[in-house]
Amino acid sequence: MKTKLAKILTTSFILVLFIVSGCTDVNTEHKDMESIAIELEKRPVNQFQSQSDNYNIQGKIFKSLLEDRDVINFEVILDEPKSELLDLTVTFVLNEDLIHYLHANFFFTSNLFSTSNLSPDGEEKGLGVSKSFSLLPDDHVLKYEKFDKETFKSLIEQIKVKTSWRDTNGNEHSEYILLEGKNISIDETIYTLFE
Numbered sequence: 001m002k003t004k005l006a007k008i009l010t011t012s013f014i015l016v017l018f019i020v021s022g023c024t025d026v027n028t029e030h031k032d033m034e035s036i037a038i039e040l041e042k043r044p045v046n047q048f049q050s051q052s053d054n055y056n057i058q059g060k061i062f063k064s065l066l067e068d069r070d071v072i073n074f075e076v077i078l079d080e081p082k083s084e085l086l087d088l089t090v091t092f093v094l095n096e097d098l099i100h101y102l103h104a105n106f107f108f109t110s111n112l113f114s115t116s117n118l119s120p121d122g123e124e125k126g127l128g129v130s131k132s133f134s135l136l137p138d139d140h141v142l143k144y145e146k147f148d149k150e151t152f153k154s155l156i157e158q159i160k161v162k163t164s165w166r167d168t169n170g171n172e173h174s175e176y177i178l179l180e181g182k183n184i185s186i187d188e189t190i191y192t193l194f195e
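Position 23, counted from 1, in the sequence shown is what the working numbering calls 23; the numbers after and before it change by one each time, with no gaps.
Structural data, given as structure tokens:
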């Protein structure tokens with residue numbers, strides 16, 4: 001009887017420890033994303049690059065076909081690495097004025113703080129980081145008064161990205177990329193969501 005009770009208590013303790021450890025990792029990851037989002041927001045635009053010499057990077061904005069509600073997806077795709085990018089992390093933020101048009105939990109950060117190893121000759125040659133947004137309801141206090149396509153387009157055509165990685169010598173690198181205009185592919189059907 002005591003042996004069964006000991007096994008149950010040991011198993012319960014391990015399970016609780018596992019759950020607490022998992023939650024701590026998620027909380028730590030979210031705090032890391034928040035600190036990067038703040039860093040990206042505060043960084044002057046003239047301190048961003050438009051492209052990288054180490055990889056190709058582009059943005060995609062498109063209407064979700066999988067949702068039963070109006071959802072717009074923002075995706076940053078990093079591919080064609082020129083050298084090994086170890087422990088690569090990618091996160092992005094959007095223009096803060098989009099808060100008058102779109103809604104999501106943790107609005108200002110991408111939903112994936114992605115870590116990967118990329119190399120020109122490796123199995124993984126690319127990485128995508130994305131976030132989905134629903135439209136603000138009509139009665140929302142932050143919602144714009146009248147939709148203006150050109151204003152909205154100018155806001156979505158600005159994605160701030162931070163990438164960080166190690167090279168094969170263990171040196172750490174970070175780059176700040178501002179995706180704009182021609183570096184962002186926009187599905188024109190997203191504008192029909194506002195009609």
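All residues carry an ideal CB built from backbone N, CA and C; glycine is no exception.
| Asked | Found |
| --- | --- |
| For chain D, is any of its Cβ atoms less than 8 Å away from the one on LYS60? | Here there is only one protein chain, and chain D is not present. |
| So which of PRO44, GLU124, SER134, SER52 has the shortest CA-CA distance to ILE190? | SER134 |
| What residues in its chain sit with their C-beta under 7 Å from that of LYS143, if we drop five residues either side in the sequence? | HIS100, LEU136 |
| Can you tell me whether PHE194 is buried or exposed, with buried defined as 16 or more other CB within 10 angstroms of its CB? | exposed |
| Of all the options SER35, PHE48, THR91, ASP79, which has the alpha carbon lying nearest to the alpha carbon of GLU123? | ASP79 |
| Are there 16 or more other CB atoms within 10 angstroms of the CB of ILE177, so buried, or fewer, so exposed? | buried |
| Taking Cβ positions, are SER235 and SER132 nearer each other than 8 Å? | Since the first residue of the chain shown is 1 and the last is 195, residue 235 is not available in this structure. |
| Just checking my contact of PHE62 with ASP187 at CB under 8 Å: how many whole Å lie between their CB atoms? | 4 Å |
| Is the beta carbon of ASN117 sitting closer than 8 Å to the one on ASP87? | yes |
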